[in-house]
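Student:
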Amino acid sequence: MAIEPSLKTRIAAITKAVVIGLIAGTVFDWLNTPLPWMIGPLIAIGGGNLLGYRLDAVPFGRQSGQLMIGTAVGLAFTPKVLAALLEHLGLVAAAGVLTIVIASLGALMLSRFTGIDRTTAFFASVPGGAIEMAVLAERFGASVPAVALGQSVRVSIIVITVPWVLTLSGVAGAEPVARLTLPFDPVVLTMMLAGGIAVGVIGVKLRIQNAFVLCPLFLSASLTASDVELSSVPQLLTNAAQLLFGLALGSHYRRDFFLRHKAFVPFTMINAVYVIVVCTAAGALLAVFAGLPVASVVLGMAPGGIAEMAITAQVLELAVALVVAFHLVRVVMVNLGTPYLVRAVFALRQRRNLF
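Structure follows, in C-alpha cells:
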C-alpha cells in the first residue's frame with residue numbers, strides 16, 4: 021500500500037526532528053546545562069523551523085511527556101509536603117495570586133510594546149508550565165509560537181540565573197534537605213503509568229485543562245501523601261519527557277511569525293526579567309512577613325516549573341517541601357483558573373472594550 025506524499029513528508033519531518041532532538045539533548049547534557057533534554061531540542065527544532073526547515077513533533081508526544089512528568093512530580097508530595105502546605109496554605113495561596121497578578125501586568129506591557137494581542141501576551145507571561153500554557157493558548161485562539169517562546173525564555177532565564185543569585189547572596193544552604201528515595205519497581209511503575217492514563221482520559225472527558233499532567237500528578241501525589249510506597253521514575257523516562265516537550269514546543273516556532281513580530285523577542289526577554297525580579301522581591305517580603313526562610317519562599321515564587329524549581333531547591337539545600345507546595349498550588353490555580361479568568365476578561369472586553 022503506497023503512502024500518500026503528505027504523510028511521507030510528515031513522517032520525514034518527525035523523524036528528522038527526533039534525530040536532531042536526540043543530538044541536541046546529548047550535546048546540552050554534555051555541556052551540563054539546565055534541563056538539557058528539553059532546552060536543547062527546543063532550541064534545535066525551533067531554530068530549524070525558523071530557518072525554514074519543516075520539523076514536527078511526535079504524535080501524542082505532549083500527552084506522553086505530561087503523563088511521565090505528572091507522575092514523577094507527584095512523588096514529591098510526601099506527608100511532609102502536605103503538612104507544610106496545610107500549615108502555610110494562606111501564604112501559599114496569596115503567593116500564587118500575587119504571581120499571577122505580577123505576570124498579568126507584564127502581559128499588558130508586553131502587548132503594548134510589541135503589538136501582540138493581549139490574550140497571547142497573557143499566556144506568554146503567566147507562569148503555569150510551558151506546555152500547559154501553550155495548550156490553553158491554542159484553545160483560546162492565542163498564538164502558540166508566541167506563547168511557547170515567552171514561556172521557554174522565562175524558564176531558561178530562571179534556571180540559569182536564580183540558583184546563582186541565591187548562592188552568591190549567601191542565603192542558600194542553611195536548611196536541611198529531605199531527600200525522597202524510592203526503589204525502582206517496573207511492575208509498580210507500569211501500574212502507576214496505567215493509572216495515570218486512566219485518570220487522564222477521565223479528566224479529558226470531564227474537560228479538565230491539561231488533564232494528562234494534572235490528573236496523574238494528583239493520583240501520584242495522593243498515594244504518596246498517604247504513605248503508599250510507589251516506584252521511582254527512572255531518569256531515562258524524565259529525559260524522554262523533556263525531549264517530547266522540547267519537540268512539541270519547537271515545532272510551534274514559525275518563521276513567518278517572527279518576521280511579522282520582530283519586536284516580540286527582545287521585549288519577551290525584558291518582560292521575563294521584570295516578572296522574575298518583581299516575584300523575587302515579593303517573595304522576599306512575604307518571607308520576612310511570615311518568618312519563613314527567604315531563599316525557599318523566593319524559589320517558591322520564582323515563575324518557573326515545578327520540576328526545575330524542586331531540583332534547584334535540592335541542590336541549594338533549601339526547604340524542598342515548601343518550594344514544591346508553592347509551585348503545586350500555583351500550577352493548579354493557573355491551569356484550573358485561567359480559563360475562567362480569560363472568559364471573564366472576554367466578557368468585560370465586549371462590555372467596556374478594555375481588553
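Heads up: the sequence shown at position 213 corresponds to 233 in this note's numbering, and the numbers run straight through without jumps.
Backbone N, C-alpha and C fix where the C-beta goes; we use that ideal spot for every residue, glycine too.
(1) Go ahead and label residue 136 buried or exposed: buried means 16 or more other beta carbons lie within 10 angstroms of its beta carbon, across all protein chains shown.
(2) Do you know how far the Cα of residue 255 is from the Cα of residue 26?
(3) Figure out for me which residue from 218, 158 and 251 has the closest Cα to the Cα of residue 201.
(4) With a cut-off of 8 Å, do at least 3 Cβ pairs link the stretch 294 to 311 to the stretch 104 to 115?
(5) Below 8 Å CB to CB, which residues in the same chain sit around residue 29 once its five sequence neighbours on both sides are set aside?
(6) Fully enclosed by the stretch 291 to 364, which alpha helix (DSSP H) runs are 4 residues long or longer?
(7) Does residue 250 come out as helix, strand or coil in the three-state DSSP assignment?
(8) Classify residue 95 as helix, strand or coil using the three-state DSSP reduction.
(9) Among the residues of its own chain, which have a CB less than 6 Å from the CB of residue 168, if the five just before and after it don't count?
(10) Which residues mark the beginning and the end of the alpha helix (DSSP H) in which residue 53 is found?
(11) Residue 32 by DSSP, collapsed to three states: which one?
(12) Please check the pair residue 213 and residue 77, which I expect to be a contact at CB under 8 Å, by giving their CB distance rounded to whole angstroms.
(13) Is the distance from the Cβ of residue 343 to the Cβ of residue 361 below 7 Å?
(14) Which same chain residues end up closer than 7 Å to residue 196 when comparing Cβ atoms and leaving out the 5 residues on each side of it in sequence?
(15) Go through its chain and collect everything with a Cβ distance to residue 261's Cβ below 6 Å, but skip five positions before and after it.
(16) What residue does the alpha helix (DSSP H) around residue 215 start on, and which one ends it?
(17) Rounded to the nearest angstrom, how far is the Cβ of residue 165 from that of residue 274, given a contact under 8 Å?
(18) If you follow the alpha helix (DSSP H) that residue 139 is in, where does it begin and where does it stop?
(19) Helix, strand or coil for residue 124 per DSSP?
(20) For residue 103, name the three-state secondary structure that DSSP assigns.
(21) For the alpha helix (DSSP H) that contains residue 266, what are its first and last residues?
(22) Pairs of beta-carbons, one from the stretch 346 to 355 and one from the stretch 219 to 235, closer than 8 Å: are there three or more?
(23) Measure from the alpha carbon of residue 293 to the alpha carbon of each residue in 65, 91 and 178, then state which is nearest.
(24) Rounding to the nearest angstrom, what Cα-Cα distance links residue 211 and residue 156 in this structure?
(25) For residue 264 and residue 148, which I take to be in contact (beta-carbon distance under 8 Å), what is that distance rounded to the nearest angstrom?
(26) Could you tell me the distance, in whole angstroms, from the CA atom of residue 60 to the CA atom of residue 159?
(27) Going by DSSP, what residue range makes up the alpha helix (DSSP H) through residue 202?
(28) Confirm, please, whether the CB-CB distance from residue 186 to residue 310 is below 7 Å.
(29) Quick check on DSSP: helix, strand or coil for residue 284?
(30) Smallest Cα separation from residue 287: which of 133, 49, 58 and 108?
(31) Please report the residue range of the alpha helix (DSSP H) in which residue 160 lies.
(32) Which one of 336, 322 and 338 has the shortest CA to CA distance from residue 348?
(33) Look at the alpha carbon of residue 181 and the alpha carbon of residue 188, and state the distance between them as a whole number of angstroms.
Tutor: To lay it out plainly:
(1) Translated into positions along the sequence shown, residue 136 becomes position 116. Classification of residue 136: buried, given that the 10 Å Cβ count is 16 or more.
(2) Within the sequence shown, residue 26 is the residue found at index 6, counting from 1. Within the sequence shown, residue 255 is the residue found at index 235, counting from 1. Answer to the nearest angstrom: the Cα atoms are 36 Å apart.
(3) Here residue 201 is taken as the residue at index 181 of the sequence shown, counted from 1. Here the closest residue by C-alpha is 251.
(4) yes
(5) As a first step, residue 29 is located in the sequence shown; it is residue number 9 there, counting from the start. If we look at residue 29 and ignore the five residues flanking it on each side, its Cβ neighbours are 74.
(6) Runs found: 314 to 321 and 326 to 335.
(7) Position 230 of the sequence shown, counted from the start, is the residue given in the question as residue 250. Reduced to three states, the DSSP call for residue 250 is coil.
(8) Position 75 of the sequence shown, counted from the first residue, corresponds to residue 95. It is coil, neither helix nor strand.
(9) The sequence position of residue 168 within the sequence shown is 148, counting from 1. 154, 269 and 272, listed in sequence order.
(10) For the purposes of this step, residue 53 is taken as residue 33 along the sequence shown, with counting starting at 1. That residue, residue 53, is in no alpha helix (DSSP H); it is neither H nor E in DSSP.
(11) In the sequence shown, residue 32 corresponds to position 12, counting from 1. Helix, per DSSP.
(12) As a first step, residue 213 must be located in the sequence shown, where it is residue number 193. As a first step, residue 77 must be located in the sequence shown, where it is residue number 57. About 20 Å separates the two Cβ atoms, so there is no contact after all.
(13) The sequence position of residue 343 within the sequence shown is 323, counting from 1. The sequence position of residue 361 within the sequence shown is 341, counting from 1. Cβ distance not < 7 Å, so residue 343 and residue 361 don't count as in contact.
(14) Here residue 196 is taken as the residue at index 176 of the sequence shown, counted from 1. Residue placement at residue 196 cannot be trusted, given a pLDDT of 48 that sits under 50; what the coordinates show is reported in the next sentence. Cβ within range, chain order: n/a, list empty.
(15) The residue given as residue 261 occupies position 241 in the sequence shown. Result list for residue 261: 85, 88 and 89, in chain order.
(16) Your numbering for residue 215 matches position 195 in the sequence shown. First-last of the alpha helix (DSSP H) with residue 215: 206 to 225.
(17) Within the sequence shown, residue 165 is the residue found at index 145, counting from 1. Within the sequence shown, residue 274 is the residue found at index 254, counting from 1. About 5 Å separates the two Cβ atoms, so the contact holds.
(18) Sequence index remark: in the sequence shown, residue 139 carries index 119 (1-based). Where residue 139 is concerned, the enclosing alpha helix (DSSP H) stretches over 138 to 145.
(19) Stepping through the sequence shown from its first residue, residue 124 is reached at position 104. Of the three classes helix, strand and coil, the one that applies to residue 124 here is helix, per DSSP.
(20) By one-based count along the sequence shown, residue 103 stands at place 83. Of the three classes helix, strand and coil, the one that applies to residue 103 here is helix, per DSSP.
(21) Sequence index remark: in the sequence shown, residue 266 carries index 246 (1-based). Segment 255 to 270, the alpha helix (DSSP H) holding residue 266.
(22) yes
(23) For this step, residue 293 is matched to residue 273 along the sequence shown. Scanning 65, 91 and 178 for the CA closest to the CA of residue 293 turns up 178.
(24) What you label residue 211 is simply residue 191 of the sequence shown in a count that begins at 1. What you label residue 156 is simply residue 136 of the sequence shown in a count that begins at 1. Cα to Cα, the separation comes out at about 29 Å.
(25) In the sequence shown, the residue the question calls residue 264 occupies position 244. In the sequence shown, the residue the question calls residue 148 occupies position 128. Contact flag wrong, Cβ pair sits at about 18 Å.
(26) Numbered from its first residue, the sequence shown carries residue 60 at position 40. Numbered from its first residue, the sequence shown carries residue 159 at position 139. Looking at the two C-alpha atoms, the distance is approximately 27 Å.
(27) Within the sequence shown, residue 202 is the residue found at index 182, counting from 1. DSSP places residue 202 outside any alpha helix (DSSP H), giving it a letter other than H or E.
(28) The sequence position of residue 310 within the sequence shown is 290, counting from 1. The sequence position of residue 186 within the sequence shown is 166, counting from 1. Contact flag unset, no.
(29) Here residue 284 refers to the residue found at position 264 of the sequence shown. The answer is helix: DSSP assigns residue 284 an H, G or I state.
(30) Position 267 of the sequence shown holds residue 287. Comparing Cα-Cα distances from residue 287 to each of 133, 49, 58 and 108, the minimum goes to 133.
(31) The residue given as residue 160 occupies position 140 in the sequence shown. No alpha helix (DSSP H) holds residue 160; DSSP gives it neither H nor E.
(32) If you number the sequence shown from 1, residue 348 lands on position 328. Proximity to residue 348 across 336, 322 and 338 peaks at 322, based on C-alpha coordinates.
(33) On the sequence shown, position 161 is the one that residue 181 refers to. On the sequence shown, position 168 is the one that residue 188 refers to. When only Cα atoms are considered, residue 181 and residue 188 end up about 11 Å apart.
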